[in-house]
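Take a look at the structure below.
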Amino acid sequence: MDRRDFITHTLIRSLGFSAAGIMAAGTGGCVPTGSGDIPELVWGRHGISTGRFVKPRAITIDDADQLYIVDTTGRIQVFDTDGQPIRSWQTPETENGRPTGLSFQAADSNPSGQARILVADTHYYRMLAYTPEGQLLQDQQIGGTAGPLPGEFAFVTDAVSDRHGFVYMGEYNASDRIQKFDPDGKFVTQWGGTGDTPGKFVRPQSLVIHNDVMWVADACNHRIQRFDIREETPRLIDVWGGPGTEHRQFYYPYDLAIAADGSVLVVEYKNNRVQRLSPQGDWIASWGGPGFEPGMLNQPWGIVVDSKNRVHVLDSNNHRVQRIQMPG
4 MDRRDFITHT
14 LIRSLGFSAA
24 GIMAAGTGGC
34 VPTGSGDIPE
44 LVWGRHGIST
54 GRFVKPRAIT
64 IDDADQLYIV
74 DTTGRIQVFD
84 TDGQPIRSWQ
94 TPETENGRPT
104 GLSFQAADSN
114 PSGQARILVA
124 DTHYYRMLAY
134 TPEGQLLQDQ
144 QIGGTAGPLP
154 GEFAFVTDAV
164 SDRHGFVYMG
174 EYNASDRIQK
184 FDPDGKFVTQ
194 WGGTGDTPGK
204 FVRPQSLVIH
214 NDVMWVADAC
224 NHRIQRFDIR
234 EETPRLIDVW
244 GGPGTEHRQF
254 YYPYDLAIAA
264 DGSVLVVEYK
274 NNRVQRLSPQ
284 GDWIASWGGP
294 GFEPGMLNQP
304 WGIVVDSKNR
314 VHVLDSNNHR
324 VQRIQMPG
């Protein structure tokens with residue numbers, strides 16, 4: 004297979020293919036590429052000036068379709084969905100390491116009525132909170148002390164909120180657990196621990212909450228776990244996947260997003276692809292492949308879906324963002 008054929012083969016496995024197209028691509032058949040196969044927009048490049056990145060590590064999106072991206076300089080840049088810069092700010096400390104998780108908390112899910120950007124300040128054992136404009140809310144920090152006790156942390160991977168304002172924080176290394184805090188930042192409960200049995204974690208890298216269900220990208224167990232969070236201590240619903248390169252298998256899933264139709268998009272750091280799964284976890288389609296051309300990925304870390312059903316993939320080691328349109 005020459006390089007052009009390889010690129011074509013990689014791109015035909017799009018997120019919105021018809022059933023016939025997916026089947027043909029999955030069996031190596033020759034099918035014409037569709038309008039959704041090649042990304043409709045690719046933007047960003049390596050660098051430290053505005054609009055450039057140095058290995059971007061996390062992405063989130065607010066209710067106005069603004070994208071927030073943090074890279075390994077510790078800088079958070081905000082863009083519109085066409086990649087045009089809006090504003091930026093710097094996290095307060097970066098000597099120990101940089102954040103690896105971002106999430107948006109809408110105003111209506113915060114009892115204070117204030118929207119927030121929650122930052123997993125990984126190597127400082129804490130969650131930072133900002134206004135969407137970049138003002139640090141110092142009194143709303145959670146954590147800051149390394150340790151195994153409630154309210155202490157190993158390396159924080161992600162911080163997300165539910166519709167009642169409770170905050171959930173994942174961590175890896177010594178703890179591999181998730182801690183839950185009330186809207187005032189007081190510890191409520193914790194679950195997990197290091198292991199590969201259901202309910203345990205090895206690097207819970209990304210947390211996503213939708214309709215009182217939490218999806219956890221259990222990265223180094225190469226699987227997705229779902230929890231019912233309506234009770235004080237969340238209850239395991241099921242486990243998806245396992246290590247591998249086939250459909251519905253994963254190789255270091257680092258982030259997920261929920262589309263408007265309830266389908267789940269999973270970005271895999273080592274498989275260099277995005278998989279789209281049904282709300283029940285059945286495989287729908289895949290997109291990507293290792294490489295540098297548009298439509299190919301190099302150790303991607305993040306993914307979000309905007310209000311127009313467009314997928315934005317944080318193509319980390321290519322220092323860029325790729326945008327793909329899914330069918331409505």
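Residue numbering for the sequence shown follows my numbering, beginning at 4 and increasing consecutively. Don't be surprised by glycine CBs; every beta carbon is placed ideally from N, CA and C. Small disclaimer: the values here were computed from a predicted structure and weren't measured.
Secondary structure at residue i, three-state DSSP: helix, strand or coil?
i    : result
T97  : coil
D185 : coil
S209 : strand
Y127 : helix
A110 : helix
A149 : strand
Q141 : helix
Have a look at residue i and residue j and give me their C-alpha separation to the nearest angstrom.
i    : j    : result
Q328 : G196 : 38 angstroms
T53  : N224 : 36 angstroms
I41  : G146 : 42 angstroms
S209 : I51  : 26 angstroms
E98  : A157 : 17 angstroms
Q176 : D199 : Checking the sequence, you will find Asn at residue 176 rather than Gln. If you take the alpha carbons of N176 and D199, they lie about 14 angstroms apart.
V163 : P297 : 31 angstroms
Y254 : G247 : 6 angstroms
G202 : D231 : 12 angstroms
L139 : T94  : 9 angstroms
T84  : E249 : 31 angstroms
D74  : Q80  : 9 angstroms
A262 : L300 : 21 angstroms
S281 : W290 : 15 angstroms
The beta strand (DSSP E) spanning residue i covers which residue range?
i    : result
H315 : R313 to D318
F169 : Taken as a continuous stretch (DSSP letters only), F169 belongs to no beta strand (DSSP E), as it is neither H nor E.
D258 : P256 to I261
R229 : R226 to D231
M217 : V216 to D221
If you check the beta carbons only, do residue i and residue j fall under 8 angstroms apart?
i    : j    : result
I212 : D221 : no
I120 : Y128 : no
G100 : R323 : no
A362 : R276 : No statement about residue 362 is possible, as the shown extent of the chain runs from 4 to 331 and does not include it.
D241 : R229 : yes
G173 : D165 : no
Give me the Cβ distance between residue i and residue j, rounded to the nearest whole Å; I'm assuming they're in contact under 8 angstroms.
i    : j    : result
F169 : F184 : 7 angstroms
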